Amino acid sequence: MKKRVKTTITPYLFLLPCAVLILMILIYPVLSGVWNSFFNENLIRPVTPEFVGIENYTDLLKDSMFLDALGRSIVWTLVILVFEMVLGMCFALLLSKDIYCKKFFRCLVLIPWIIPNAIAGIIWKWFLNESFGMMNYILKSMKIISQNLPWLSNEDLAAVSVVMVIIWKSIPFVAITLLAGIQAIPSDLYEAAKVDGARSFQCFRFVTIPMLKNIALITAILTSIWNFNQLEIIQVVTKGGPGEATLSLPVYIYRLFMQTFQTSYASAAAVLMMIVLIIPCVVYVRKLLKE
């Protein structure tokens, strides 16, 4: 009996240090943020914070800047998801073929994903510079434009630029993940389809896509969560400007906390953002548990 109890407890004892570490690093800050969201703490005012209940949440739901940032983040996430999945699939299909220097190109496609977000933001900020950026130089050399475009100072172009950079950063992960899924598909399925008279597109439609459905769904959920949380690239490239054209929800929360020092208000906004992200997280976990 003692041996059985010892055998049952031992694995949990090994997991205890990791559980304590997770509790300190992840769970405590979340609970602290939720608790702080019910007060009116502002670091600029040297007064004792007062309990205000859900006042911060009701104010946020009436805050047009918060609602615009939330809507902008959702729309951007959906747009980025479509482009990254389509382009990622194209790269995955290309890299799955027996092309020259296949291994080299597989390594090459990972470069945007390997580069840290802040460094990628700096690179693209220079690349999109209106006066001496390479983007305008390339487009003018190809006779696509006749004069330099204000990529980062025009509201519409700034939004397009930010979305473009995030898509560029996300494609490698999608491509490599889908490539792993494609390589795991048994070749017998393609051979059987070809015997039945299926062409390349039909093989892709009736074999590749169904077999990649699960891994594509998980990849889409993960990248959507990451892209919705994207802060570094937007903060480095545009800082949410010009005006509020590229003000996403993470940048809005960053401004509240680091610039206006409204810590409780920022905590409430972060809690609402967490609630929005819980939905795809639940779908992701349920999908994993089913598998």
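If you use the numbering used here, the sequence shown corresponds to residues 868 to 1158, in order.
Positions of the beta carbon are idealized from the N, C-alpha and C atoms, including for glycine.
The structure displayed is predicted, hence computed values, not measured ones.
Nonlocal neighbours in the same chain, by C-beta distance under 7 Å from residue i, ignoring five residues either side
i: Trp991; result: Val1032 and Val1104
i: Met868; result: With a pLDDT of only 48 at Met868, under 50, the local geometry of the prediction cannot be trusted, and the value read off the model is given with reservation. Excluding residues within five positions, none has a Cβ falling inside 7 Å.
i: Gly900; result: Ser1134, Ala1137 and Val1138
i: Phe881; result: none
i: Thr1044; result: Ile1082 and Thr1086
i: Ala1112; result: Glu1022, Ala1025 and Ala1026
DSSP state of residue i mapped onto helix, strand, coil
i: Phe999; result: coil
i: Ser1008; result: helix
i: Gln1014; result: coil
i: Glu1099; result: helix
i: Phe1128; result: coil
i: Leu882; result: helix
i: Tyr967; result: coil
i: Lys992; result: helix
i: Ile1092; result: helix
i: Thr875; result: helix
i: Leu962; result: helix
i: Lys1106; result: coil
i: Leu1114; result: coil
i: Met868; result: For Met868, the pLDDT reaches just 48, beneath the cut-off of 50, and the residue's location in the model is therefore unreliable, leaving the point undetermined.
Proximal residues to residue i (C-beta, below 8 Å), its chain only, five neighbours per side dropped
i: Ile1034; result: Ile947, Phe950, Glu951 and Leu954
Beta-carbon proximity check, residue i vs residue j, cutoff 9 Å
i: Asn903; j: Glu917; result: no
i: Leu1116; j: Ala1136; result: yes
i: Lys1036; j: Ile1100; result: yes
i: Val1118; j: Leu1098; result: yes
i: Ser998; j: Asn1015; result: yes
i: Leu1024; j: Pro1017; result: yes
i: Ala1042; j: Phe958; result: yes
i: Thr1075; j: Phe1040; result: no
Spatial neighbours of residue i in its chain, beta-carbon cut-off 6 Å, leaving aside the 5 residues before and after
i: Tyr1132; result: Asn923 and Leu1123
i: Gly1048; result: Leu1079 and Ile1082
i: Ile857; result: Lying outside 868 to 1158, the shown extent of the chain, residue 857 is not represented and no answer is given.
Endpoints, the alpha helix (DSSP H) within which residue i is located
i: Ile981; result: Ile978 to Ile981
| request: Ignoring anything shorter than 3 residues or poking outside the stretch 896-960, list the beta strand (DSSP E) runs there in chain order. | output: Counting only runs of 3 or more residues that sit fully inside the stretch 896-960, no beta strand (DSSP E) segment turns up.
| request: Could you tell me which uninterrupted alpha helix (DSSP H) segments, each at least 4 residues in length, are contained entirely in the stretch 1017-1069, listed from first to last along the chain? | output: Counting only runs of 4 or more, we get 1022-1050 and 1054-1062.
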